C-alpha cells in the first residue's frame, strides 16, 4: 500500500529544532525504549505477531531480535486470547512481557484474559500477585481499513478497574511512557495512533521516564480548555491555528494516560477557562469524552460558563471507504467548528 | 441407563508388587484423599446453614486425581486450576483454615474474601491460583511455564482442567504454544463426563478421546484411571520428569466421576440429566475406599491406623471451621485495596 505511506508522510508536523536536542522519529523512540529496557532488565521480553518481520511493527521492534535473541523477542501464533493468557501467566511468574498487536481490533479477541484475568489478578489474589504486562497496539485510520482495522477501543476498557491506559502524542512521550509502562507492576495498555508514527521530535538518549497519570499542557490560552490524547491533539492544535485570527486561545491538555487520569490538570485549567471541549478517536456513547465530561460536571460545575462539548466518532462502525470515513472521523474542521460554538455560548 | 461406567481395573495391577512404593508414601496418599473427602463432606453438611456464602464445587469422587498428581510435584512447582478447586488446593498443600475462612467470607480467607471458593490459592506451597472462567487457567499456566523457561528455573507448571475446557479455543491455542516452545508444563485433564448438567456426548463427537487431541499438536497424550491414585501418580511423575528434563509438555486425561451436582450440596441426578443408578454404580470404585482396601489387604495400613487418621483429620476440620467462624469480617476499607500494585 504505497499510498498509505504517502498519506501519513503528507501530514504536516512541525519539524523539531535540532538545536534543542536529538531529533528522532516516533517509531524509533518506541524502539529505543524497548532497547533500553531489554538491556536493563533481563526479565523483559517482547512478543507479538510479526515483531521480527521486515515491517517490525512500523519499525518499533526493528532489530530487537538480532540484538537480544529469539528467546526474548519472538513472533507468536495467531492466538490472541491464548497469547494474552500466556502473557498474564508469564507476568505472574517473574517476567515483564511487552505484547505487540498491530491493531486494537485484535485485542478484542483477548478480552477474556485482559478483562477477566489480568485486570483482576491483584485484587482477587488480595494483593499477592502482580501482572507487570504491557499490551501495545496502534489505532488505524484511512487506507480502507474499515470497521475491523480502525477501531479505537479505549472507551470500552476505560471502565475496567485494574488496567492502566496510555495514549502518547509525541516521540518523547512514546519513549518515556513505554519505559514507565514496562516498569509498572500492573497491566498497561498503550494505544498509539498510526498517524503519529512518522512524527519526529526531540528524544533524549538512554533511560528516562514519563510518569503514568501526569498530564501536560501543550498550549496555554484563556478562552477554553481542549482536552484529549494522542492524535486528537495534533488535530486540535491545527484547529486552533485556524482560529487564531479570531483571537481564540486555549489550554490544550494532553492527558498522556487515560487511566490513571490526571484530574488536577483539568480542574485547574477549567478554573481559568470555564469552557471544555473533549476530543477522542473512539465512540461518543459511554466513551472517553463522556467520562471526562462527567468528571468536569461533577467537580468543576461552578467554574463552567458553557455546556461541555465533545468531538469523537459518532456511534457508527468505522466505514472503510475514503469519503465515508471523512464524515465520521474527527478532524480539525469539526474541532474548529465545535470550538467556535463553545466560545459563542 | 449408565452412560459413563467406570472403565478402570482398580488395584489389580499392583497385586503382584504392592510394595513398589514405601509404606509411608502410600499412607500419605491415602491420608490426603481421606482428608479431602472429610473436608468436602463437612462443607456439604454445613452448607445449608448459609454461612458459607460462596458457590461450592465439591470434588467428592475425584480425590485420587488431585492427590496423585500433586504428589508428583515439588512444593516449588506451580499449579493453576479451574473452578473445581477444593481438592487441588488441599492436595497441593494449601492451608485448610484459610480455605474454610474464604468460604465463610472472612478476612482471614486465603484471598481475604475477594475470590470465594472458585479462587483459592496458597503461594507458599505452589498453589498459584484458580480461574472461574472455563479454560482461563490454561494459557495462564502456559505463561507461567514460559517464564520459568525464560528465567531458566527448573519449575514445572501444571494446569488442572476439566473435559469441557478442552472445547474452548484457549486450550487449543495453549496446546499449540506449549508444544511449539516445549514448555515445562502438564495439561492435567479431569474428565468427569459432565459439564454442569451437560453430558460429554452432547459436547464432543462420538469416538473422540480427549487425550488423543494433543497428538494433533505434536504433544504426547496419555489416559489413565482417575480413581486409582497410584496410576495417576505414575503418569504424572513421568510427565513431570519429562518436563523438568526439557522434553516438553504432556497432556494427561484422567477419567473419574463427579458424585455430586456441578455446584452446591448433594447429588442432582434426579433432575434427569443422568441416571442416579450411574452415580451408584461408581460408588464401589470410590477412590478413597479402593485405596483403603488395597492398603489394608496388603498389610500396608491397619484399620487402627486409619481410625487414627480419621480422628486427626476430624479434629483438624473442626478447628478450621471454628477458626473461620471466629475470624473477623473484612472492613469496608478492605474492599478498596489492591486494585493496583505499587
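Residue numbers (our numbering), protein chains in the order written: chain E, 1 to 345; chain S, 1001 to 1342. Even for Gly, the Cβ is constructed at its ideal location relative to N, Cα and C. The model shown is predicted, which means the values in this text are computed figures rather than measured ones.
If you ignore the 5 residues before and after residue 1048/S, its C-beta comes within less than 7 angstroms of the C-beta of 1265, all in its own chain and listed in chain order.
Among the residues facing chain S, residue 71/E is included, as its CB has a counterpart in that chain under 8 angstroms away. Between residue 313/E and chain S, the shortest Cβ-Cβ separation is not below 8 angstroms. Secondary structure of residue 1268/S (DSSP, three-state): coil. Around the CB of residue 1236/S, 16 or more other CB atoms lie within 10 Å, so the residue is classed as buried. Under the DSSP definition of a beta bridge, residue 193/E partners with 139/E. At least one CB of chain S lies nearer than 8 angstroms to the CB of residue 126/E.
For residue 311/E, the uninterrupted beta strand (DSSP E) run begins and ends at 309-313, by DSSP. Under the criterion of beta carbons closer than 8 angstroms, residue 1059/S and residue 1032/S do not qualify as touching, at roughly 12 angstroms. By the neighbour-count criterion, in which a residue is buried when 16 or more other Cβ atoms sit within 10 angstroms of its Cβ, residue 301/E is exposed.
Considering only beta carbons, no part of the segment 1202-1229 of chain S lies closer than 7 angstroms to chain E.
Beta-carbon to beta-carbon, residue 1214/S and residue 1221/S are separated by about 4 angstroms, close enough to satisfy the 8 angstroms threshold.
Residue 281/E sits in a strand when the DSSP states are folded into three classes. Taking a contact to require three or more Cβ pairs closer than 8 angstroms, the segment 127-137 of chain E and the segment 1157-1174 of chain S do not qualify as touching. In this model, residue 1175/S and residue 1219/S are separated by some 8 angstroms (Cα to Cα). Taking a contact as a CB-CB distance under 8 angstroms, the pair residue 238/E and residue 343/E does not count as one, their CB atoms being some 17 angstroms apart. For residue 90/E, the neighbours in chain S by C-beta distance under 8 angstroms run, in chain order, 1143, 1144, 1146, 1147, 1150. For residue 217/E, the CB contacts under 8 angstroms within the same chain, skipping 5 residues up- and downstream, are 251, 252, 253, 254, 265, 269 in chain order. For chain E, the residues of the segment 1322-1342 of chain S that bring a beta carbon within less than 8 angstroms of one of its beta carbons are 1337, 1338, 1339, 1340, 1341, 1342, in chain order. Contact residues of the segment 1159-1173 of chain S toward chain E are 1169, 1170, 1173 (C-beta to C-beta distance below 7 angstroms). Per the Cβ contact rule, the segment 1084-1092 of chain S is not in contact with the segment 1014-1027 of chain S (fewer than 3 Cβ pairs under 8 angstroms). Taking the C-beta atoms as reference points, residue 187/E is found nearer than 8 angstroms to residue 118/E.
Chain-order list of chain E residues neighbouring residue 1126/S: empty, with the shortest C-beta distance near 11 angstroms, by a criterion of under 7 angstroms. For the options 1006/S, 1056/S, 1108/S, the alpha carbon positioned closest to that of residue 1328/S is the one of 1108/S. Where residue 1006/S is concerned, there is no enclosing alpha helix (DSSP H), because DSSP gives it neither an H nor an E. The alpha-carbon of residue 256/E is positioned some 32 angstroms away from that of residue 1332/S.
Considering only beta carbons, no part of the segment 1048-1064 of chain S lies closer than 8 angstroms to chain E. Taken in chain order, the members of the segment 1090-1122 of chain S whose beta-carbon sits within less than 7 angstroms of a beta-carbon on chain E are 1111, 1112, 1114, 1115, 1119, 1121. If you check the CB distance, residue 332/E and residue 242/E come in under 8 angstroms. At least one beta carbon of chain S lies nearer than 8 angstroms to the beta carbon of residue 45/E. Taken through DSSP and simplified to helix, strand or coil, residue 227/E comes out as strand. Check the Cα spacing between residue 1306/S and each of 1010/S, 1003/S, 1034/S, 1011/S: the tightest is with 1034/S.
When DSSP states are grouped into helix, strand and coil, residue 1047/S belongs to the helix group.
Where residue 259/E is concerned, the enclosing beta strand (DSSP E) starts and stops at 257-259. Cβ-Cβ distances below 8 angstroms link residue 65/E to 51, 52, 73, 74 in the same chain, with the five nearest sequence neighbours on each side left out; the list follows chain order. Secondary structure at residue 1195/S: strand, using DSSP grouped into helix, strand and coil.
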